[in-house]
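Line by line, the protein sequences are chains A and B. Residue 57 in the working numbering is what sits at position 57 of the first sequence, and the numbering runs on without skipping anything. In the working numbering, each residue carries its 1-based index in the second sequence increased by 1000.
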Amino acid sequence: GEDVEQSLFLSVREGDSSVINCTYTDSSSTYLYWYKQEPGAGLQLLTYIFSNMDMKQDQRLTVLLNKKDKHLSLRIADTQTGDSAIYFCAEIWSGNTGKLIFGQGTTLQVKP
Amino acid sequence: DTEVTQTPKHLVMGMTNKKSLKCEQHMGHRAMYWYKQKAKKPPELMFVYSYEKLSINESVPSRFSPECPNSSLLNLHLHALQPEDSALYLCASSQVGTSGKNEQFFGPGTRLTVL
Chain A
1 GEDVEQSLFL SVREGDSSVI NCTYTDSSST YLYWYKQEPG AGLQLLTYIF SNMDMKQDQR
61 LTVLLNKKDK HLSLRIADTQ TGDSAIYFCA EIWSGNTGKL IFGQGTTLQV KP
Chain B
1001 DTEVTQTPKH LVMGMTNKKS LKCEQHMGHR AMYWYKQKAK KPPELMFVYS YEKLSINESV
1061 PSRFSPECPN SSLLNLHLHA LQPEDSALYL CASSQVGTSG KNEQFFGPGT RLTVL
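So, in structure tokens, the structure goes:
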């Protein structure tokens, strides 16, 4: 089956770290993705991780993957007000080339 | 050029109208996608084109008709839509590869309202 789950809301103070969590079901997924969507805009690809990696760091972003538990997380260091957005994790559905299965999205609210 | 562009940004149409949404990319990507996104929901895949051929149709009603006239352009023709079709329509593109990596780059979307 295809199912990706995320918590719906996270609120942090500016300067703190944010951790957004995601669980997925398709154990054959080779790549997992994080997208950001600001109000009224399209989706921006933030980063991705290959399934044989445990961690990937890209400037303020750190992705952790626990393949055994099918758990993915995105950590944003030194969170800024410009990071306020909806964050979607997504996996490639192995049953169909090109189909991304998205989680419900986590709304990140950054308070000054 | 690393952008996916979509026109128009906003569209209001009646249920008897015929309109088209347009999407363009110049990244050399050979896969292009249409997604529908309702408010506060994730995008839902509608169609995938690979090398200008329709490869996935997610059981979308026939009032939505996609077209890929060349490798850079993707259209979505709309006819006899219903108010529940009001949504943000997103276009995306990606390379076609065998590694399993599928970095999809999205356009800003067309906000469609059906009256």
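Ideal placement from N, C-alpha and C gives every residue a C-beta, glycine not left out. These figures come from a predicted structure and were not determined experimentally.
Exposure of residue i, with buried meaning 16 or more beta-carbon neighbours within 10 Å
i, result
"Leu-1115/B", "exposed"
"Lys-1036/B", "buried"
"Val-19/A", "exposed"
"Glu-1084/B", "exposed"
"Phe-102/A", "buried"
"Tyr-33/A", "buried"
"Gln-44/A", "exposed"
Three-state secondary structure (DSSP) of residue i
i, result
"Asp-1085/B", "helix"
"Thr-115/A", "Not covered by the structure: residue 115/A. The range shown for chain A is 1 to 112."
"Glu-91/A", "strand"
"His-71/A", "strand"
"Ala-1092/B", "strand"
"Val-12/A", "strand"
"Arg-1111/B", "strand"
"Thr-106/A", "strand"
"His-1029/B", "coil"
"Ser-29/A", "coil"
"Tyr-1051/B", "coil"
"Thr-1005/B", "strand"
"Glu-5/A", "strand"
"Gln-1104/B", "coil"
"Ser-1020/B", "strand"
Backbone CA spacing between residue i and residue j [nearest angstrom]
i, j, result
"Pro-1066/B", "Ser-1093/B", "15 Å"
"Lys-1038/B", "Met-1027/B", "27 Å"
"Asn-1075/B", "Asp-26/A", "31 Å"
"Leu-1073/B", "Gln-1025/B", "7 Å"
"Tyr-87/A", "Cys-22/A", "10 Å"
"Val-1004/B", "Glu-1052/B", "16 Å"
"Pro-1108/B", "Lys-1009/B", "8 Å"
Short Cβ contact (8 Å threshold) for residue i with residue j
i, j, result
"Leu-1090/B", "Pro-1043/B", "yes"
"Asn-1102/B", "Ile-76/A", "no"
"Arg-1063/B", "Leu-1078/B", "yes"
"Phe-9/A", "Thr-79/A", "no"
"Glu-38/A", "Ala-90/A", "no"
"Leu-74/A", "Leu-65/A", "no"
"Gly-40/A", "Phe-1106/B", "no"
"Val-4/A", "Tyr-24/A", "yes"
"Thr-1007/B", "Lys-1018/B", "no"
"Ser-1055/B", "Arg-1030/B", "no"
"Gly-98/A", "Val-1048/B", "yes"
is_contact[residue i, chain E] using C-beta, thresh 8 Å
i, result
"Gln-59/A", "No chain E is present in this structure, whose protein chains are A and B."
What are the residues in the region 26-47 of chain A lying within 9 Å of chain B by C-beta distance? Ser-29, Thr-30, Tyr-31, Tyr-33, Tyr-35, Gln-37, Gly-40, Ala-41, Gly-42, Leu-43, Gln-44, Leu-45
Please list, in chain order, the residues of the region 1086-1107 of chain B that have any C-beta partner in chain A closer than 7 Å. Leu-1090, Gly-1100, Lys-1101, Asn-1102, Glu-1103, Gln-1104, Phe-1105, Phe-1106, Gly-1107
Any residues in the region 67-99 of chain A with a beta carbon nearer than 7 Å to a beta carbon of chain B? Which ones, in chain order? Phe-88, Ile-92, Asn-96, Gly-98, Lys-99
Could you list the residues in the region 1036-1069 of chain B with a C-beta less than 9 Å from some C-beta on chain A, going in chain order? Gln-1037, Lys-1040, Lys-1041, Pro-1042, Pro-1043, Glu-1044, Leu-1045, Val-1048, Ser-1050, Ser-1055, Ile-1056, Glu-1058
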